[in-house]
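Inspection log for the structure reproduced underneath, given as structure tokens.
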Amino acid sequence: MNSILTSIGLLFCSNVFMTFAWYAHLKELNGKPWLIAALVSWGIALFEYLLQVPANRIGYTVMSVGQLKILQEVITLSVFVPFSVFYLKEPLKQDYLWAGLCLLGAVYFMFRGKLN
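In our numbering, the protein residues as written are -9 to 106.
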């Protein structure tokens, strides 16, 4: 269980960096050339990879690649929605709820073998 929790924690932190790398430039660097935004984003993404690679290596000791991927998607949505609403000031939409419910279904199917 420690490996799973460690992997989840690292994936959560890497997703914070990933979300900023992918989307913060839309707000913060909107008036700058795309190349500047790309270079800044790559700089931020380095920290994402420094957390994501060990997270996947640790997680792979106790989960399959498919399980890691679904876990990543759930974490991504759980980081992206608050980021979108609070940082980018996007409206909270019911579509996030439906997407989250679909992901919960995906989690069930990917992890149901471990639930028995």
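A virtual CB, placed ideally from N, CA and C, is assigned to each residue, including glycine.
What you are looking at is a predicted structure, and each value in this text was computed from that prediction instead of being measured.
Where Gln57 and Phe101 are concerned, what is the direct C-alpha to C-alpha distance, given to the nearest angstrom?
Straight-line Cα distance between these residues: approximately 7 Å.
So, for Gly90: in the same chain, excluding its five sequence neighbours on each side, which residues have a beta-carbon less than 7 Å away from its beta-carbon?
If we look at Gly90 and ignore the five residues flanking it on each side, its Cβ neighbours are Leu67.
Short of 7 Å in beta carbon distance, which residues of its chain neighbour Ser4, apart from the five on each side in sequence? Order them along the chain.
Contacts found: Glu38, Leu41, Gln42 and Ala45.
Which residue's Cα is closest to the Cα of Ile(-2): Gly49, Phe7, Gly21 and Pro23?
If we check each option's Cα against that of Ile(-2), Gly49 comes out closest.
For the region -1 to 54, list the alpha helix (DSSP H) runs that are entirely contained and at least 4 residues long, ordered along the chain.
Correct list: 15 to 18 and 24 to 49.
Give me the residue from Val55, Phe99 and Gly33 with the minimum Cα distance to His15.
Per the Cα distances, Gly33.
Taking the alpha carbon of Asn(-8) as the point to measure from, which residue in Leu82, Leu94 and Val52 has its own alpha carbon closest?
Among Leu82, Leu94 and Val52, the Cα nearest to that of Asn(-8) is on Val52.
Give the straight-line distance between the Cα atoms of Ser54 and Gly21, rounded to the nearest whole angstrom.
Using only the alpha carbons, I get a separation of about 42 Å.
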